[in-house]
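As structure tokens, the structure follows; a few thoughts come after it.
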Amino acid sequence: MERNGFRLFAILFLLAALLWIAVGASAAPQVFSPEPEYDFKTAMEGDSIKHNYIIQNKGDEALQITNVRSSCGCTAVTPAEKIIQPGGQTSVEVIFNTAGRVGKQSKYIYVQTNDPTSNVLKLTISGDVQKMPAPEVAVRPYSWNLQNLKIGETRSTTASVMNLGDQPLEVIAIKPTRPGIQAKLLGPSTIAPGGRVNMEIHFSPDPQTSIIRDQISIETNDPKRKTYSFLIYGRIDFEASGLAVSVIGSHPGPETTTVDLHFHNKQNTPINVTIPDSAEPNKATVPPNAMRKFSAKVPTSKMNETQMSDPAGDIMGLLKLEISLPIKLTSKTPQAKSDAMATTGTLQPPPPPPPALVPPADAQAQTE
């Protein structure tokens, strides 16, 4: 009898222990939201939609919110508390900025927790954003590409300033980047929805740069685009203007690269050349209808940066002829420096055309 009683006690003790282990093993946090999806119905473009999502802990261990992120930078999320005790709850505030977002919208918020069964809770905010009535500026064509422009040449064109919106567009100001560019409307400064007005543009090249990178800023009452930039770009054709520049050799060094240049002035007036990135002497004068050799000592780091930005081999901004001159590397093979080149900056008798300007036959065959 005593033996049976002992057995019964042992069985009951074992069952209690197993039950205690089972209960302890099942203890865990459980994340839950009674309203994971929020529909704000309709909103006007530019409105900020705010909503608080309730986050509950249905488990029997503390729930920890480790991270909260959204699917779009237009949505800000902030949890009120990061640790929720069993049976407790907190809130996550979501602010959706509708600026620039029109039509059906659905944004997602991901709440990461230590819930072992589902560690990410997905929340949704959605609705229809209606477009705010407003003017919308556009210019056609988008830009002006100037090619083969000679020194001192002036060109003109027209572009259309358009209103693609549904409210009147007010052109407040037209501001070119420099005085050599003139632009004006050939009509009223108020443009009706769907209307357009031509803009007349006159362009004279900048005497300080060979690469044309200008723009015309058009200031309007467009709420999304207060300033519209009409781009003007291109390159000065110096050879057509009377000056030919060639690179006849280059000698890279750790700190300095020597670039051997050949100038041919086809004009009847002298041309002054300045090489701003070269060590002094960095100025030369090419007489009328004459040729000239010149050696420029340019920092190797500058050469590397320029060639990386323009792998085709055009080096911009090394020379100035009252403006920067583009240099085409016609020969990348270092050549021995002659005695004439040793006197950098001194005038030499007009030489015959340098051999590097006409690639050898085998070089042409390799290129082909």
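Its first residue numbered 644, the sequence shown is counted upward by one per residue in the working numbering.
Note that CB positions come from ideal geometry on N, CA and C, so glycine has one too.
Quiz item: When the Cα atoms are used, what is the spatial distance from ASN757 to GLU704?
Solution: Going by the C-alpha atoms only, they are around 10 Å apart.
Quiz item: How close, in whole Å, do the beta carbons of SER803 and VAL782 come, if the pair is a contact with beta carbons under 8 Å?
Solution: Sure, about 7 Å apart at Cβ, within 8 Å.
Quiz item: Which residues in the same chain as GLY731 place their Cβ atom closer than 6 Å to its Cβ, once the five residues preceding and following it in sequence are excluded?
Solution: Once the five neighbours on either side are set aside, the close Cβ partners of GLY731 are ASN700.
Quiz item: The beta strand (DSSP E) spanning LYS909 covers which residue range?
Solution: LYS909 -> no beta strand (DSSP E), and no H or E assigned at all.
Self-check item: For GLU898 and THR863, believed in contact at Cβ under 8 Å, the rounded distance
Solution: Approximately 51 Å separates the beta-carbon atoms of THR863 and GLU898; this is outside 8 Å, ruling out the contact.
Practice problem: Taking 8 Å as the threshold, find out whether the region 753 to 770 comes into contact with the region 813 to 824 through three or more Cβ pairs. | Solution: Between the region 753 to 770 and the region 813 to 824, the count of C-beta pairs closer than 8 Å stays below three; the two stretches do not touch.
Quiz prompt | Any 3 or more C-beta pairs closer than 8 Å across the region 678 to 698 and the region 733 to 751 | solution = Taking 8 Å as the limit for Cβ pairs, the verdict is that the region 733 to 751 does touch the region 678 to 698.
Practice problem: Tell me, to the nearest whole angstrom, how far the beta carbon of TYR871 is from that of ARG856; I am working on the premise that it is less than 8 Å. | Solution: 17 Å between Cβ atoms; not a contact.
Practice problem: With a cut-off of 8 Å on the beta carbons, I'd call THR801 and GLU843 a contact; round off their distance for me. | Solution: Contact holds; Cβ gap of about 5 Å.
Quiz item: Just curious, the beta strand (DSSP E) that GLN810 is in, first and last residue?
Solution: Where GLN810 is concerned, there is no enclosing beta strand (DSSP E), given that its DSSP letter is neither H nor E.
Quiz item: Between the region 885 to 892 and the region 908 to 915, do at least 3 Cβ pairs fall closer than 8 Å?
Solution: Output reads yes: the region 908 to 915 touches the region 885 to 892.
Quiz item: Smallest Cα separation from GLN673: which of HIS845, GLY702 and HIS894?
Solution: Considering only alpha carbons, the answer is GLY702.
Self-check item: Residue span of the beta strand (DSSP E) that contains THR595, given as start and end
Solution: In the structure as shown, the chain begins at 644 and stops at 1011. Residue 595 is therefore absent and cannot be evaluated.
Quiz prompt | VAL772 beta carbon less than 9 Å from that of ILE752 | solution = No, the Cβ-Cβ distance between ILE752 and VAL772 is not below 9 Å.
Quiz item: How is THR943 classed by DSSP in three states: helix, strand or coil?
Solution: Residue state, collapsed to three classes: helix.
Exercise. Could you give the DSSP three-state label for LYS765: helix, strand or coil?
Key: Reduced to three states, the DSSP call for LYS765 is strand.
Exercise. Starting from the C-beta of VAL711, find all residues in its chain whose C-beta is less than 8 Å away, skip the five residues before and the five after it, and write them out in chain order.
Key: VAL720, THR721, PRO722, VAL735, ILE752, TYR753, VAL754 and GLN755.
Self-check item: Cβ-Cβ distance between GLN810 and PRO836 below 9 Å
Solution: Contact flag set, yes.
Quiz item: According to the neighbour-count rule (16 or more other Cβ atoms, all chains shown, within 10 Å of its Cβ), is GLY808 buried or exposed?
Solution: That one is buried.
Quiz item: Would you call SER714 buried or exposed, if buried means 16 or more other Cβ atoms sit within 10 Å of its Cβ?
Solution: With fewer than 16 other Cβ atoms from the protein chains shown falling within 10 Å of its own Cβ, SER714 counts as exposed.
Quiz prompt | Counted within 10 angstroms of its Cβ, other Cβ atoms place ILE726 as buried (16 or more) or exposed | solution = ILE726 should be labelled exposed.
Quiz item: Helix, strand or coil for SER714 per DSSP?
Solution: Look at SER714 here: in three-state DSSP terms it is coil, with no helix or strand label.
Exercise. Tell me whether PRO931 sits in a helix, a strand or coil according to DSSP, three-state version.
Key: The answer is coil: DSSP assigns PRO931 none of H, G, I, E or B.
Quiz prompt | TYR751, enclosing beta strand (DSSP E) - first and last residue | solution = Here the beta strand (DSSP E) through TYR751 covers 746 to 756.
Quiz item: Under three-state DSSP, which class holds ALA979?
Solution: With a pLDDT of 34 at ALA979, under the threshold of 50, the modelled position of that residue is not reliable, and no figure is offered here.
Quiz prompt | 9 Å Cβ cutoff met for PHE937 and HIS905 | solution = It is a contact, given that the beta carbons lie within the stated cut-off.
Quiz item: According to DSSP, is GLN673 helix, strand or coil?
Solution: Three-state result, GLN673: coil.
Self-check item: Terminal residues of the beta strand (DSSP E) in which PHE871 lies
Solution: The question names Phe, but residue 871 in the sequence shown is Tyr. Bounds of the beta strand (DSSP E) holding TYR871 are 870 to 879.
Quiz item: What three-state label does DSSP hand THR901 in the structure shown?
Solution: The three-state secondary structure of THR901, taken from DSSP, is strand.
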